[in-house]
Amino acid sequence: MPNLDLPILVVDDAKFSSMVVGRTLRNAGYRDVRIANDALAALKLMEQRPVSVLIADWLMPEMDGLALTDRVRQQDEQINHYTYVILLTARESVEALAEAFDRGVDDFIYKSDMTKQLIPRIFAADRMADRQNTLLRANALLIENNRELESSNIIDLETGLCNHRYGRDRLTKMLRHAESRGGASAYVLCGIRNWQELKRKHPPTVMSELAVGIARRLSTLIRPIDVLCRVGDNQFALIAYFPNSDHCTATAFRRVFDGINHKALKTTAGYISVEASMSLCKADAQHGTPSIQDMEQAAVHGLVDAYETRRFTETTPTLGTSA
12 MPNLDLPILV VDDAKFSSMV VGRTLRNAGY RDVRIANDAL AALKLMEQRP VSVLIADWLM
72 PEMDGLALTD RVRQQDEQIN HYTYVILLTA RESVEALAEA FDRGVDDFIY KSDMTKQLIP
132 RIFAADRMAD RQNTLLRANA LLIENNRELE SSNIIDLETG LCNHRYGRDR LTKMLRHAES
192 RGGASAYVLC GIRNWQELKR KHPPTVMSEL AVGIARRLST LIRPIDVLCR VGDNQFALIA
252 YFPNSDHCTA TAFRRVFDGI NHKALKTTAG YISVEASMSL CKADAQHGTP SIQDMEQAAV
312 HGLVDAYETR RFTETTPTLG TSA
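Written as structure tokens, this is what we have:
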């Protein structure tokens, strides 16, 4: 049975088009349908009360559907929510659709066939949004439970990520795994180089929001099999394994680097941009197994270079330097 109380927001600068969509939804029995005539009005409505499904025209003045999707994803990060985004479009090129999916759009409805497609797509959107938000709530509950387990001392209480102690344990196991199975271990250190500058501008509450936002952003950008830890006030570590050593390069993590640098994070003080530098320390099993101290030392040296050059640096550990 469809959830007729599903919160839906329709955004279209053409009032006739938005009225048609709204009327179609209400005729199907949906009771919680709001309408906005531009993207900024839509964002204000969503700040007041989140929605499960957003239906927006792709082409709108001032802020189009793709830019609106970017802002919605930033809002979702802040409140730990998922909004299913559907764009209304007349564009059918593969390149345009690929770009939209890459920007976070979930689905499309072609205007030429809107009356037939709308309600079935809403059924699917309802299921997907409900599933995603159920998972987010469950994950939030798990994080909260983990925070209560201070005695285990493996959780960073501010962000809910694993801490330095846990990261070192996983790195040790990853190195041993590569030693026995081949391949390469990766220790990627991500540092926020303008952190101290931001601390001088903003109170601790905002910096805490920023730390949580960075943690959430990084969590969405890494592979599910990788491990993400907070290893310092402004440093995060990504631990990964590659069966094929040739695949363990900075290119494999470029999406993470771009994702943290190119989109601002929303806080109660407004949108804040962070300047992140990253270094990849790669340990190839064919060249011997370094200690975790060797890995950390090489990664820190690489991060220092990354701060100076503002590039994603790559380095390898020198075996036995920490002995």
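In the numbering used here, the protein residues as written are 12 to 334. A virtual CB, placed ideally from N, CA and C, is assigned to each residue, including glycine. Everything numeric in this text was worked out from a predicted model, so none of it was measured.
By the 10 Å Cβ neighbour count, where 16 or more other Cβ atoms means buried, how is residue i classified, buried or exposed?
i, result
"leucine 54", "buried"
"glycine 40", "exposed"
"aspartate 87", "buried"
"leucine 291", "buried"
"phenylalanine 134", "exposed"
"valine 105", "exposed"
"proline 18", "buried"
"lysine 127", "exposed"
"phenylalanine 247", "buried"
"arginine 192", "exposed"
"leucine 77", "buried"
"arginine 84", "buried"
"tyrosine 177", "buried"
"leucine 182", "buried"
"arginine 241", "buried"
"tyrosine 282", "exposed"
"alanine 334", "Because the pLDDT at alanine 334 is just 45, under 50, the model does not fix this residue reliably, and the value given afterwards should be weighed accordingly. It is exposed - the Cβ of alanine 334 has fewer than 16 other Cβ atoms within 10 Å."
"serine 123", "exposed"
"phenylalanine 112", "exposed"
"alanine 197", "buried"
"leucine 314", "buried"
Give me, in chain order, the residues of the same chain whose beta-carbon lies closer than 8 Å to that of residue i; leave out the 5 immediate sequence neighbours on both sides.
i, result
"leucine 108", "Arg102, Phe119"
"glycine 33", "Val21, Val44, Ile46"
"arginine 228", "Glu88, Gly270, Ile271, Lys274, Leu276"
"arginine 42", "Leu15, Asp16"
"leucine 221", "Leu209, His213, Leu276, Thr278, Ile283, Val285"
"cysteine 173", "Ile165, Ile166, Asp167, Arg181, Val238, Leu239, Cys240, Arg241"
So, for residue i: in the same chain, excluding its five sequence neighbours on each side, which residues have a beta-carbon less than 7 Å away from its beta-carbon?
i, result
"lysine 26", "Asn48"
"histidine 188", "Tyr252"
Leaving out five residues before and five after residue i in sequence, what residues of the same chain have Cβ atoms less than 6 Å from its Cβ?
i, result
"isoleucine 203", "Asn245, Val285, Ala287"
"threonine 336", "Residue 336 cannot be examined here, being either before or after the span of the chain that is shown, 12 to 334."
"aspartate 81", "none"
"leucine 79", "Ala50, Ala67"
"alanine 280", "His213, Val217"
"glycine 171", "Ile154"
"serine 63", "Leu17, Pro18, Ala140"
"valine 238", "Arg181, Ile250"
"alanine 226", "Thr170, Leu172"
Hey, how far is the Cα of residue i from the Cα of residue j?
i, j, result
"aspartate 295", "valine 116", "38 Å"
"valine 311", "methionine 139", "41 Å"
"glycine 194", "aspartate 316", "26 Å"
"serine 328", "arginine 114", "A small correction: the amino acid at residue 328 is proline; serine does not occupy that position in the sequence shown. Looking at the two C-alpha atoms, the distance is approximately 36 Å."
"valine 223", "asparagine 272", "16 Å"
"leucine 15", "proline 61", "16 Å"
"arginine 37", "leucine 99", "18 Å"
"methionine 30", "leucine 51", "18 Å"
"asparagine 303", "proline 13", "One point to set straight first is that residue 303 is isoleucine, not asparagine, in the sequence displayed. Each residue's alpha carbon lies about 53 Å from the other."
"threonine 278", "aspartate 305", "37 Å"
"tyrosine 318", "leucine 209", "16 Å"
"glutamine 59", "isoleucine 90", "12 Å"
"histidine 219", "proline 131", "One point to set straight first is that residue 219 is serine, not histidine, in the sequence displayed. Using only the alpha carbons, I get a separation of about 41 Å."
"arginine 322", "methionine 289", "7 Å"
"aspartate 23", "proline 72", "10 Å"
"leucine 146", "threonine 94", "13 Å"
"aspartate 137", "histidine 92", "14 Å"
"isoleucine 233", "phenylalanine 264", "8 Å"
"alanine 309", "asparagine 164", "26 Å"
"histidine 298", "glutamate 307", "17 Å"
"asparagine 156", "valine 267", "27 Å"
"histidine 175", "aspartate 257", "27 Å"
"threonine 326", "arginine 148", "39 Å"
"glutamate 110", "leucine 330", "44 Å"
"alanine 261", "arginine 142", "33 Å"
"cysteine 201", "asparagine 144", "28 Å"
"leucine 255", "leucine 56", "In the sequence as presented, leucine is not what sits at residue 255; that position holds asparagine. Approximately 48 Å, taken between the alpha carbons."
Which stretch, first to last residue, makes up the alpha helix (DSSP H) that contains residue i?
i, result
"phenylalanine 268", "265-272"
"glycine 313", "303-320"
"leucine 70", "Segment: none, leucine 70 is in no alpha helix (DSSP H) and carries neither H nor E."
"alanine 50", "50-59"
"valine 31", "26-38"
At what residues does the beta strand (DSSP E) containing residue i begin and finish?
i, result
"threonine 278", "276-278"
"phenylalanine 253", "246-253"
"glycine 281", "281-283"
"methionine 289", "287-295"
"arginine 45", "44-47"
"glutamate 325", "324-326"
Hey, is residue i's beta-carbon within less than 8 Å of any beta-carbon in chain B?
i, result
"alanine 280", "This model lacks chain B altogether; it includes just one protein chain."
In chain order, each beta strand (DSSP E) run of at least 3 residues that lies wholly inside the segment 83-127
95-100, 118-121
Taking the runs of the alpha helix (DSSP H) that are 4 residues or longer, which of them lie wholly in the segment 190-238?
206-212, 215-232
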